[in-house]
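There are 2 protein chains.
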Amino acid sequence: MSEPEMRPKAEKLDAADELAGMRAQFVLDDTVYLDGNSLGALPRSVPGRVEDAVRRQWGSLRIRSWDESGWWTAPERIGDRIAPLVGAAPGQIVVGDSTSVNVFKAVVGAVRLAAEKGDGEGHAGRPGSGGRDEILVDATTFPTDGYIAASAARLTGCTLRPVTPDEVPGALSERTAAVLLNHVDYRTGRLHDLPSLTASIQAAGAISVWDLCHSAGALPVGLDEHGVDLAVGCTYKYLNGGPGSPAYLYVREAHQPRFDSPLPGWNSHADPFGMTPDYTPAPGALRGRVGTPDILSMLALEAALEVWDDVSIDAIRTKSLALTDFFLECVESYVPGGAVESLTPSPHMQRGSQVALRCADAGNVMRRLIDRGVIGDFREPDVLRFGFTPLYVGFGDVERAARVLGEMF
Amino acid sequence: MSEPEMRPKAEKLDAADELAGMRAQFVLDDTVYLDGNSLGALPRSVPGRVEDAVRRQWGSLRIRSWDESGWWTAPERIGDRIAPLVGAAPGQIVVGDSTSVNVFKAVVGAVRLAAEKGDGEGHAGRPGSGGRDEILVDATTFPTDGYIAASAARLTGCTLRPVTPDEVPGALSERTAAVLLNHVDYRTGRLHDLPSLTASIQAAGAISVWDLCHSAGALPVGLDEHGVDLAVGCTYKYLNGGPGSPAYLYVREAHQPRFDSPLPGWNSHADPFGMTPDYTPAPGALRGRVGTPDILSMLALEAALEVWDDVSIDAIRTKSLALTDFFLECVESYVPGGAVESLTPSPHMQRGSQVALRCADAGNVMRRLIDRGVIGDFREPDVLRFGFTPLYVGFGDVERAARVLGEMF
């Protein structure tokens, strides 16, 4: 097919799109923004709320806002707003710190949980006991996970073993303490089989840690349903929380009493204002907190999450797959054969909400695309990355992106 | 003396105050705000800058702002703005994460530096080697430091030994790896002797880590001059960065090549966008970075730091001591004998920028003070805490606070 056929198809798909009205809730322009998997667009609900947080809550109420404006409880309150988007009941998620810091909490916490399980005697102070001294980490994952997992391994006396997600079932053993996996690969957009991998990990007596950065807000995760042990994620991609907005940590309710954070800051104390020299962890998800929460960024995120009030994650997933299907179809139609090769799997079961195309001279191609108003990003060494945020990307955008891409060759 | 004498004295002091004009740069009201040691007041430079960061940088430029708006380099750029306030040359401070997280980086990093020094062979992977397996921590300090130091000790195979700062010189030995001290005690307002303690710690072959939360922006610190090894601090007290604004980490230039962070996130990689599986730390202070920086809070802080452009920290210190001297004088004058007892040392060499008064039923007394427009805070079990921010507190405020306090008894 060609332009005369793809354009009307895009119009038809846009006309039938039940989420089309959501776009009005975001600040957008006439570019095609396919980089929401890196930084989500600005929700219109955010600027006024940030201004209120700065001028009234900080400027006028000052210190009183810790109580009166709900600053103190923001990490768990906002965690509970994220919870339904990742299939978690309330009380299991706290927001705060960066994804990297939360990966550290989760991996060390996982090793300690596994050590406890191993001998049943609660040697939480001695990870690697119970014979479980190996951490498996997705070698193809976003590199910070690997770097932080290596640090966690070094500090807990474990060995880090890089594997691909496919290799996990075969690599699991009675030595495995924890397994850190990305739900969707940041580069290829491949979606991994969370339910089956989690089940394998747990059958081997190990603890699963999932990084949801590229799946939360783009597809159903089902943390509770699939029995995930621990999970982390960022909030500035499909959750549109703003640049560097705080990440989150999920600790399954059943693990909370024994979750033993390597970052036991005063905010996770059972009585934080008692300011006692002895540390007693708070119950529940709160023990994932560390220091004073970053309120301005936190409240921007809270406002951004309001756009989810009337949207189901299933509807998001349906549209996301339709968008990536249509993009692949348009690329097939517009781009000369052999100029690009999709790294993103075709089966829906294996696809996140992005399409990664391998292409010669990809850095330059992406620069030219951006000059033409099609915003994706480039990943070393040869990948064009296009993210599809169903809340604000339409089928007309998709057609235009592929058409402009075709004109590059 | 009494009111007829103290009021004119306050007026005279205010008239002679060279920093009096700075108050106009802050959003304040007719209360007496003596809680800037908990949350600094809003600088007038902040709201417009935050609005620009949200609406233009995020809303319009979106992902391009990582380069075009200088988001990516904000942690080290803002670190360099803090540097002169704590007596550091550029290139040694990065901003990001909470104080607690930075304490963790610093204490683990210190143990590793000490281990390297101990045997000279670079066993960075095995802290506690070289026979240095003890961490001294100020037992009277803000508790998060103790909790985090305990976690760092547990993960590095060290023993944590709580001491008072006075006990440090006698407690140092060839076993001491690191010593974590607060420059000013959060409860009593006592200023510890940083130059002399740092010298003792280093003479014993150990690494000094200073927590500057209650001193940075209130008095000269002299990190470079006094040879401090590592330091951390928050930015929401005397630096007025806003609620939960990001903290900072100082790594002395000479230590940077061997500083080995326990949180080696992708932002601290020498080539972060190479996204290679192997971790190579960036040179300089950048290796104290971890994950994606929290931009909105970071840029609010950057705007807040502009108020320091025309102020010397020596002038701040001079006024701070005059304020606390005058407050103690007014308390002596207005408050019935025996009703309160100052926990803050009289000698200037031992005083930070706050006054802590022990008092019966202190929680209720503080509530009544706040109702009367005098904002301090209460710390368990019996402490009224008054912080004096020289940038915006005047001598008339001080007189009024003491007078209202006197009316409580």
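Respectively, the protein sequence lines represent chains A and B. Numbering-wise (this note's numbering), the first sequence opens with residue 1 and increments by one. Numbering-wise (this note's numbering), the second sequence opens with residue 410 and increments by one. C-beta: ideal position from N, C-alpha, C; glycine also. These figures come from a predicted structure and were not determined experimentally.
Where residue i falls, given that 16 or more other Cβ within 10 Å makes a residue buried
i                    : result
asparagine 352(B)    : Nothing in the structure corresponds to residue 352(B), since chain B is present only between 410 and 818.
phenylalanine 682(B) : exposed
serine 38(A)         : buried
proline 690(B)       : buried
alanine 424(B)       : exposed
lysine 319(A)        : buried
arginine 521(B)      : buried
valine 134(A)        : According to the sequence shown, residue 134(A) is glutamate rather than valine. Classification for glutamate 134(A): buried.
glutamate 477(B)     : exposed
arginine 367(A)      : exposed
glycine 189(A)       : buried
proline 702(B)       : buried
proline 75(A)        : buried
methionine 758(B)    : exposed
proline 452(B)       : buried
arginine 788(B)      : buried
lysine 237(A)        : buried
aspartate 806(B)     : buried
glutamate 412(B)     : exposed
Where residue i falls: helix, strand or coil (DSSP)
i                 : result
alanine 810(B)    : helix
aspartate 138(A)  : strand
leucine 180(A)    : strand
serine 742(B)     : helix
glutamate 750(B)  : strand
glutamine 763(B)  : strand
glycine 785(B)    : coil
alanine 110(A)    : helix
threonine 701(B)  : coil
leucine 239(A)    : coil
alanine 462(B)    : helix
tryptophan 619(B) : strand
leucine 672(B)    : coil
leucine 603(B)    : helix
valine 101(A)     : helix
proline 578(B)    : helix
leucine 569(B)    : strand
histidine 123(A)  : Confidence at histidine 123(A) is low in this model, with a pLDDT of 39, below 50, so the placement of that residue should be treated as unreliable; the coordinate-derived value is given next. Coil, per DSSP.
valine 455(A)     : What is shown of chain A runs 1 to 409, which leaves residue 455(A) out entirely.
aspartate 774(B)  : Note that residue 774(B) is valine in the sequence shown here, rather than aspartate. Valine 774(B) falls in the helix class under three-state DSSP.
valine 716(B)     : helix
proline 4(A)      : helix
Best match in the options for proximity to residue i [C-alpha to C-alpha]
i                : options                                       : result
histidine 635(B) : Asp489(B), Cys643(B), Pro456(B) and Gln611(B) : Gln611(B)
proline 604(B)   : Leu632(B), Ser454(B), Ala724(B) and Leu437(B) : Leu632(B)
glutamate 174(A) : His192(A), Leu136(A), Ser69(A) and Pro165(A)  : Leu136(A)
serine 654(B)    : Leu708(B), Glu715(B) and Tyr442(B)            : Leu708(B)
proline 169(A)   : Tyr147(A), Leu160(A) and Asp193(A)            : Asp193(A)
histidine 678(B) : Leu230(A), Pro347(A), Leu13(A) and Ile148(A)  : Ile148(A)
aspartate 145(A) : Ala712(B), Val436(B) and Met684(B)            : Met684(B)
Residues bridged to residue i [DSSP beta-bridge criterion]
i                    : result
proline 277(A)       : Beta-bridge pairing links proline 277(A) to no other residue.
threonine 553(B)     : Looking at the DSSP assignment, threonine 553(B) forms no beta bridge with any residue, so it has no partner.
tyrosine 595(B)      : The partner list for tyrosine 595(B) (beta bridge, DSSP) is empty, contrary to what the question assumes.
phenylalanine 795(B) : Val764(B)
alanine 639(B)       : Strictly speaking, residue 639(B) in this sequence is leucine, with alanine absent from that position. In the DSSP output, where bridge partners are listed per residue, leucine 639(B) has Val618(B) and Val660(B).
phenylalanine 435(B) : Pro452(B)
valine 32(A)         : Val374(A)
valine 841(B)        : For residue 841(B) there is no data in the structure shown, the boundaries of chain B being 410 and 818.
Give, in chain order, every residue of the segment 611 to 629 of chain B whose Cβ lies closer than 7 Å to some Cβ of chain A.
-> So the list is empty, because no residue satisfies the distance condition.
For the segment 233 to 261 of chain A, which residues have a beta carbon sitting closer than 9 Å to at least one beta carbon of chain B?
-> Within the segment 233 to 261 of chain A, the residues whose Cβ lies closer than 9 Å to some Cβ of chain B are Cys234, Tyr236, Gly242, Pro243, Gly244, Ser245, Pro246, Ala247 and Ser261, listed in chain order.
Scan the segment 92 to 114 of chain A for residues whose Cβ lies nearer than 9 Å to a Cβ of chain B and list them as they occur along the chain.
-> Residues are counted here when their Cβ sits less than 9 Å from a Cβ of chain B; for the segment 92 to 114 of chain A these are Gly96, Asp97, Ser98, Thr99, Ser100, Val101, Asn102, Val103, Phe104 and Val108, given in chain order.
Taking only beta carbons into account, state which residues of the segment 677 to 688 of chain B come closer than 8 Å to chain A, listed in chain order.
-> Of all residues in the segment 677 to 688 of chain B, His678, Phe682, Gly683, Met684, Thr685, Pro686 and Tyr688 have a Cβ within less than 8 Å of some Cβ in chain A.
Quick one: which residues of the segment 64 to 80 of chain A get their C-beta closer than 8 Å to a C-beta of chain B? List them in chain order.
-> Those would be Ser65, Trp66 and Trp71, in chain order.
Scan the segment 598 to 610 of chain B for residues whose Cβ lies nearer than 9 Å to a Cβ of chain A and list them as they occur along the chain.
-> Listed in chain order, the positions of the segment 598 to 610 of chain B with a beta carbon within less than 9 Å of a beta carbon of chain A would be empty, since no residue qualifies.
Listed from N- to C-terminal order along the chain, which residues in the segment 551 to 565 of chain B have their beta-carbon within a distance smaller than 8 Å of any beta-carbon of chain A?
-> Against chain A - using a Cβ distance shorter than 8 Å - the residues of the segment 551 to 565 of chain B are Phe551, Pro552, Thr553, Gly555, Tyr556, Ile557, Ala559, Ser560, Arg563, Leu564 and Thr565.
Listed from N- to C-terminal order along the chain, which residues in the segment 449 to 468 of chain B have their beta-carbon within a distance smaller than 7 Å of any beta-carbon of chain A?
-> Listed in sequence order: Ala450, Leu451, Val455, Pro456, Val459, Glu460, Val463, Arg464, Trp467 and Gly468.
Looking at chain A, which residues of the segment 696 to 718 of chain B have a Cβ within less than 8 Å of any of its Cβ atoms?
-> For the segment 696 to 718 of chain B, which is checked against every Cβ of chain A, the residues closer than 8 Å are Val699, Gly700, Thr701, Pro702, Asp703, Ile704, Leu705, Ser706, Met707 and Ala709.
What residues in the segment 345 to 371 of chain A have a beta carbon less than 7 Å from any beta carbon of chain B?
-> Answer set for the segment 345 to 371 of chain A: empty.
Taking any Cβ of chain A, which residues in the segment 780 to 798 of chain B have a Cβ under 8 Å from it, in chain order?
-> Those would be Ile784, Asp786, Arg788 and Glu789, in chain order.
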